[in-house]
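What follows is one structure encoded as structure tokens, with my remarks underneath.
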Amino acid sequence: MHGLVVLDEKDEVIRPAILWNDGRTGKETDYLNQVIGKDKLSGYTANIAFAGFTAPKILWLRENEPENFARISKIMLPKDYLAYKLSGVFCTDYSDASGMLLMDVKNKCWSKEMMQICGVTEQQLPTLYESYDVVGDMKADVAAEFGFGSGVKVIAGAGDNAAAAVGTGTVGDGMCNISLGTSGTIFISSSSFGVDDNNALHSFAHADGHYHLMGCMLSAASCNKWWMDEILKTKEYAAEQEAIVKLGENQVFYLPYLMGERSPHNDPKARATFTGMTMDTTREEMTQAVLEGVAFGLRDSLEVARSLGIRIERTKICGGGAKSPLWKKIIANVMNLKVDVIESEEGPGYGGAILAAVGCGEYASVEDAAGKLVKVIETVEPDVQLVEKYEERYQKFRKIYPAMKKLFQELA
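Our numbering numbers the first residue of the sequence shown as 40 and each following residue consecutively.
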């Protein structure tokens with residue numbers, strides 16, 4: 040999601056894509072939120088500007104590479120570039136387009152106001168489709184190159200988190216999915232459009248044809264990878280976690296902001312920190328703090344959802360981090376949620392396959408397909424005593440960022 044791919048009139052890529060986690064657009068993000076105004080942005084798109092969104096990247100390109108900006112014929116997202124090469128159809132889907140800050144999410148159309156602000160036209164933007172729509176057939180020469188016959192369908196597809204939600208059966212109303220990938224998300228599906236008044240959560244279209252609210256933290260499983268690879272210098276992730284035995288009793292806290300943070304702080308200058316170490320602090324406690332810090336960061340977004348009156352009692356889970364039994368247990372108790380583990384370990388890929396099956400007429404709807412194809416194989420239950428311990432730790436955790444925020448601004 041959010042990446043910026045730009046083509047010229049000859050359909051040649053103008054410059055390398057600017058990816059979802061690129062933090063260069065702080066100035067443009069501030070301009071959108073402070074000069075244009077958060078209220079106006081939310082009215083135009085249902086969201087405010089975040090540094091990773093596509094619209095700030097377009098403004099950055101206009102300001103810093105005007106010669107490249109002037110050459111733009113087509114603006115697209117990374118997955119849609121692949122669809123274009125496969126089918127020749129200039130398209131995107133509602134779920135992915137929601138994260139561009141160019142689409143009116145409620146009405147599922149491009150925002151005229153945002154196009155004017157960014158200096159682009161509707162002709163430069165792709166045609167919008169539902170995620171399960173067939174956009175066209177694979178081009179004959181491409182099909183031949185892959186050894187396929189004629190009539191291979193190309194489906195619009197979805198943003199990664201919307202696809203992951205489909206792949207875990209998080210469709211319909213009031214369902215929840217937690218993704219522990221490079222980034223981390225808490226994704227809540229809804230049958231109707233809604234907006235968090237404080238815009239701490241994203242309000243996006245869902246791949247099932249409806250809507251969802253989503254909190255996104257920029258570093259999740261990547262925090263554990265960084266800690267293991269760069270600091271501990273080990274690939275024995277499982278062995279390191281097996282040494283952790285005292286959950287809820289750690290005195291070390293970790294802020295998981297290696298790349299700044301999106302939900303709920305919207306602070307690209309936030310940084311990761313460890314707090315509470317002493318001469319007695321162990322390797323295991325530091326590793327545990329990393330896993331807990333990510334769980335606490337996700338809970339920040341869950342608390343925003345709860346403040347909106349959304350009741351959640353259980354969640355699906357996917358992503359590389361979901362393979363860790365310890366991390367699932369920590370999340371269940373930090374969140375006080377039942378955590379359902381599904382049979383497929385490839386949430387986004389499986390969701391993409393489900394969307395293709397619906398698009399090809401194998402199932403009546405995304406909800407129908409997910410209900411028949413997604414299987415829960417394990418449920419991790421929260422433990423009352425651990426929930427109490429983690430509640431106390433979470434209340435301490437949530438005080439750290441406000442205490443550090445001013446310093447983060449000075450360090451950036």
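Think of the CB as a built atom: it goes at the ideal place given N, C-alpha and C, for glycine as much as any other residue.
Report back the beta-carbon spacing between residue 210 and residue 406 to the nearest angstrom; my notes put them in contact at under 8 Å.
-> Position 171 of the sequence shown holds residue 210. Position 367 of the sequence shown holds residue 406. Confirmed, Cβ separation roughly 5 Å.
Using DSSP with H/G/I as helix, E/B as strand and the rest coil, what is residue 59?
-> Locating residue 59 in the sequence shown gives position 20, counting from the first residue. Correct three-state label for residue 59: coil.
Using DSSP bridges, identify the partner residues of residue 273.
-> Taking the sequence shown and counting its residues from 1, one reaches residue 273 at position 234. According to DSSP, which records beta bridges pairwise, residue 273 is partnered with nothing at all.
Determine contact between the stretch 302-318 and the stretch 201-218, defined as no fewer than three beta-carbon pairs at a distance below 8 Å.
-> no
Under 9 Å between C-beta atoms of residue 252 and residue 301 | The residue given as residue 252 occupies position 213 in the sequence shown. The residue given as residue 301 occupies position 262 in the sequence shown. Not a contact, by the Cβ cut-off of 9 Å.
List the whole-angstrom C-beta distance separating residue 87 from residue 45, where the pair is believed to meet the contact cut-off of C-beta under 8 Å.
-> Here residue 87 refers to the residue found at position 48 of the sequence shown. Here residue 45 refers to the residue found at position 6 of the sequence shown. About 24 Å separates the two Cβ atoms, so there is no contact after all.
Among 84, 66 and 356, which one has its Cα closest to the Cα of residue 90?
-> As a working mapping, residue 90 is identified with position 51 in the sequence shown. Measuring from the Cα of residue 90, the nearest candidate turns out to be 66.
Through-space distance from residue 319 to residue 468, alpha-carbon basis = No statement about residue 468 is possible, as the shown extent of the chain runs from 40 to 451 and does not include it.
Just mark residue 279 as buried or exposed, buried being the case when its beta carbon has 16 or more other beta carbons within 10 Å.
-> By one-based count along the sequence shown, residue 279 stands at place 240. Answer is buried; the Cβ neighbour count reaches 16.
Best match in 121, 243, 125 and 101 for proximity to residue 169 [C-alpha to C-alpha] | Counting from one through the sequence shown, the residue named residue 169 turns up at place 130. The shortest Cα separation from residue 169 among 121, 243, 125 and 101 belongs to 243.
Output yes or no for whether 9 Å exceeds the beta carbon distance between residue 107 and residue 100.
-> By 1-based counting over the sequence shown, the position of residue 107 is 68. By 1-based counting over the sequence shown, the position of residue 100 is 61. Yes; because the gap between Cβ atoms is below 9 Å, this pair is in contact.
Cβ atoms of residue 118 and residue 41: under 9 Å apart, would you say?
-> Looking up residue 41 in the sequence shown gives position 2. Looking up residue 118 in the sequence shown gives position 79. In this structure, residue 118 does not lie closer than 9 Å to residue 41 by Cβ.
Which partner residues of residue 207 appear in the DSSP bridge assignment?
-> The count along the sequence shown starts at 1 and reaches residue 207 at position 168. Per DSSP, none; premise fails for residue 207.
Spatial neighbours of residue 340 within its chain, please: CB distance less than 7 Å, with the 5 preceding and 5 following residues excluded, ordered by chain position.
-> Residue mapping note: residue 340 aligns to position 301 of the sequence shown, counting from 1. Taken in chain order, the residues that qualify are 225, 240, 254, 302 and 303.
Is it the case that the Cβ atoms of residue 395 and residue 171 are separated by a distance below 9 Å?
-> On the sequence shown, position 356 is the one that residue 395 refers to. On the sequence shown, position 132 is the one that residue 171 refers to. Contact flag set, yes.
Would you mind reading off the limits of the alpha helix (DSSP H) that contains residue 120?
-> Locating residue 120 in the sequence shown gives position 81, where the first residue counts as 1. Counting along the chain, the alpha helix (DSSP H) containing residue 120 begins and ends at 117-126.
7 Å CB neighbourhood of residue 290 in its chain, flanking five on each side removed | Your numbering for residue 290 matches position 251 in the sequence shown. Closer than 7 Å at the Cβ level, and outside the excluded window around residue 290, lie 315.
4-residue-minimum alpha helix (DSSP H) runs that sit fully inside the stretch 150-208, ordered along the chain | 151-157, 179-185 and 199-206
Compare the Cα-Cα distances from residue 449 to each of 309, 237 and 130 and report the closest residue.
-> Here residue 449 is taken as the residue at index 410 of the sequence shown, counted from 1. The shortest C-alpha separation from residue 449 is found at 309.
Do residue 349 and residue 205 come within 9 Å of each other at the CB atom, strictly closer than that value?
-> Along the sequence shown, one-based indexing puts residue 205 at 166. Along the sequence shown, one-based indexing puts residue 349 at 310. No, they are not a contact pair.
What's the C-alpha gap between residue 104 and residue 157?
-> Numbered from its first residue, the sequence shown carries residue 104 at position 65. Numbered from its first residue, the sequence shown carries residue 157 at position 118. Taking the straight line from one Cα to the other gives about 14 Å.
Identify the residues that DSSP records as bridge partners of residue 224: which are they?
-> Position 185 of the sequence shown, counted from the first residue, corresponds to residue 224. Its beta-bridge partners are 218 and 255.
So, do the stretch 326-338 and the stretch 349-359 have three or more beta carbon pairs nearer to each other than 8 Å?
-> no
Assigned secondary structure, residue 244 (DSSP; H/G/I helix, E/B strand, else coil) | Against the sequence shown, residue 244 aligns to sequence position 205. In the structure shown, residue 244 sits in a strand (DSSP, three-state: E or B).
Could you tell me whether the Cβ atoms of residue 52 and residue 126 are closer together than 9 Å?
-> The sequence position of residue 52 within the sequence shown is 13, counting from 1. The sequence position of residue 126 within the sequence shown is 87, counting from 1. Their beta carbons are not under 9 Å apart, which means residue 52 does not touch residue 126 by this criterion.
Going by Cα to Cα distance, which pick from 110, 220 and 355 is closest to residue 374?
-> As a first step, residue 374 is located in the sequence shown; it is residue number 335 there, counting from the start. Here the closest residue by C-alpha is 355.
Report yes if the C-beta distance between residue 128 and residue 166 is below 9 Å; otherwise report no.
-> Counted from its first residue, the sequence shown places residue 128 at position 89. Counted from its first residue, the sequence shown places residue 166 at position 127. Taking 9 Å as the Cβ cut-off, residue 128 and residue 166 qualify as a contacting pair.
Within this structure, are the beta carbons of residue 202 and residue 196 separated by less than 9 Å?
-> Your numbering for residue 202 matches position 163 in the sequence shown. Your numbering for residue 196 matches position 157 in the sequence shown. Yes, the pair counts as a contact, with Cβ atoms nearer than the cut-off.
CB residue 191 to CB residue 177, shorter than 9 Å?
-> The sequence position of residue 191 within the sequence shown is 152, counting from 1. The sequence position of residue 177 within the sequence shown is 138, counting from 1. In this structure, residue 177 lies closer than 9 Å to residue 191 by Cβ.
Would you list the residues sitting across from residue 429 in a DSSP beta bridge?
-> Here the question's residue 429 lines up with position 390 in the sequence shown. Looking at the DSSP assignment, residue 429 forms no beta bridge with any residue, so it has no partner.
Is the beta carbon of residue 379 less than 9 Å from the beta carbon of residue 353?
-> For the purposes of this step, residue 379 is taken as residue 340 along the sequence shown, with counting starting at 1. For the purposes of this step, residue 353 is taken as residue 314 along the sequence shown, with counting starting at 1. Result yes, Cβ atoms of residue 379 and residue 353 sit closer than 9 Å.
Environment of residue 146 [buried if 16+ CB atoms lie within 10 Å] = Position 107 of the sequence shown, counted from the start, is the residue given in the question as residue 146. Exposed, since its Cβ has fewer than 16 Cβ neighbours within 10 Å.
Can you tell which of 442, 245, 55 and 390 has the C-alpha that lies nearest to the C-alpha of residue 294?
-> Start at 1 with the first residue of the sequence shown, and residue 294 comes out as number 255. Minimum Cα distance to residue 294 is reached at 442.
Should residue 370 be counted as a contact of the ligand ADP given a C-beta to heavy atom distance under 8 Å?
-> The ligand ADP is absent from the structure shown, which contains no ligands of any kind.
Since residue 246 contacts residue 134 with CB under 8 Å, what's their CB separation in whole angstroms?
-> Here residue 246 refers to the residue found at position 207 of the sequence shown. Here residue 134 refers to the residue found at position 95 of the sequence shown. Contact flag correct, Cβ pair sits at about 5 Å.
Own chain partners of residue 153 with C-beta closer than 7 Å, once the 5 adjacent residues on each side are dropped = The count along the sequence shown starts at 1 and reaches residue 153 at position 114. Once the five neighbours on either side are set aside, the close Cβ partners of residue 153 are 83, 84, 94, 140 and 141.
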